[in-house]
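For the sequence shown, full-length UniProt numbering assigns the number 1 to the initial residue and increments by one for each residue that follows. We put the CB at the ideal spot given by N, CA and C, even for glycine. These notes are about the structure you will find just below.
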Amino acid sequence: MGAPSGRGSAAVPIRKLAMDLSPALPIRLLIVDDDPQIRAMLAEYLATFGMEAEGAEGGTAMRAAMSKQEYDLVILDLSLPGENGLTLCREIRESSNLPVIMLTARAELADRVVGLEVGADDYVTKPFEMRELVARIHTVLRRSRADVRRPAPAAPGHEVRFAAWRLNTTLRQLVDAEDTVVPLSNAEFRLLLTFIEHPNRVLDREMLINTARGRDLDVFDRSIDLLVSRLRQKLRDDPRDSALIRTVRGEGYVFTGTVEH
C-alpha cells in the first residue's frame, strides 16, 4: 500500500482556505486505513490545519466511530482487507450524505469510475502530496456546504412532485409512492435538482458537470453518464424506455417528467 508523500509542507494559500472555510469550528475527519502509520501521519499533518482526525483500521472500527461521533468527511482507503473501500463507501452512501474522499494506490480510469459510481465525492491517488489532500478536503467541504445553502426552487419544506415521486428540497429526501425514502448522494441530489429546475430542456454534459457535480477538478464525460445511470436506478427509470430522463444522442439528457411545486 502506498504512502503519502513527505514533501507536503504547509502552504499559505491552503491555510487561507482553512481560515475561510470555518474559522470557528474544527473540521472533524475519520481516516479509514489499515496502515497505522498512514493514519497517524495524516492525523498529525491535518491537525496543523485545525482539523481533528481520528483513525479506523476497517469497517468495524469505522461503524463504531460513526456511532459515537459525527464527522464532516471520511477519508477512505480503497484497498482495505476484508470489506474494501468500495463496499464501505456504498454503505455510507446508502444511509447519509457524508462526504467521502477515496484513497487509491492505482491511477487507472476504472478505479476512478468505480469510486465515483458508488458515491465517492473525490479520490486521491497514492502516493500523494499532503497539500493536495488538504486542498481536496476543502474543495469537497465547500461544495457540500454550498449544497446546504443553495436556495431551493420551492418554499422551505415544500415537496416538489414528479411522476410518483416527491423531493423535499430542504430535507434533501426523495420519497416514492409507498412513502419510502430513497437515499441520494450529494451528486445525485444536485443532478436531480438540476433536472427538476430545467424540465423538458436538453442539458449537455458540460452543463451537468458544472452544475450537478459542482467541481471542475478531474471530471470527465464518463463520470456524468455514470451519475445519470445511478440516478435512473434510484428512480427505477429504465433507460431503454425512459419515462423521466431521456438520452439525446450526441447532445446530452432531457428530464421529461411533469414537475409540480
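Taking 8 Å as the cut-off, the beta carbon of Leu-86 is found no closer than this to the beta carbon of Val-32. Within a 10 Å sphere around the beta-carbon of Val-140 sit 16 or more other beta-carbons, which makes this residue buried. Proximity to Leu-78 across Asp-35, Glu-44 and Ile-196 peaks at Asp-35, based on C-alpha coordinates. Cα atoms of Trp-165 and Pro-81: separation of roughly 39 Å, rounded to the nearest angstrom.
Per the C-alpha coordinates, the member of Val-100, Leu-76 and Thr-125 positioned closest to Gly-119 is Val-100. In the three-state reduction of the DSSP assignment, Glu-129 falls in the strand class. If one requires a minimum length of 4 residues, the alpha helix (DSSP H) runs lying completely within the region 46-95 are 59-68 and 85-95, in chain order.
The criterion of a C-beta distance shorter than 8 Å is not satisfied by Ile-209 and Leu-231. Secondary structure note for Glu-178: it is in no alpha helix (DSSP H), with a DSSP letter that is neither H nor E. Classified as exposed, His-261 has fewer than 16 neighbouring CB atoms from the shown chains inside 10 Å of its CB. Residue range 186-197 is occupied by the alpha helix (DSSP H) that includes Ile-196. With respect to Ala-43, Ala-53 sits close: the two C-beta atoms are nearer than 8 Å.
By the C-beta density criterion, Leu-171 is exposed, having fewer than 16 other C-beta atoms within 10 angstroms.
In the DSSP annotation of this structure, the continuous segment of the beta strand (DSSP E) that includes Arg-246 starts and ends at 245-248.
Per DSSP, the beta bridge partners of Gly-252 are Asp-204 and Val-248.
In the three-state reduction of the DSSP assignment, Val-124 falls in the strand class, which pools E and B. Counting C-beta atoms within 10 angstroms of its own C-beta, Val-160 has 16 or more neighbours from the protein chains shown and is therefore classed as buried. Nearest to Glu-94 by C-alpha distance, out of Ile-27, Arg-131, Leu-227 and Val-181, is Val-181.
Note on Ala-187: 16 or more other CB atoms within 10 angstroms of its CB, so buried under the neighbour-count rule. Under DSSP, Thr-104 takes part in a beta bridge, and its partners are Thr-125. Listed in chain order, the non-local C-beta contacts of Gln-173 below 6 Å within the same chain comprise Val-181, local neighbours out to five positions each way being set aside.
Leu-103 and Lys-126 have their alpha carbons spaced roughly 7 Å apart.
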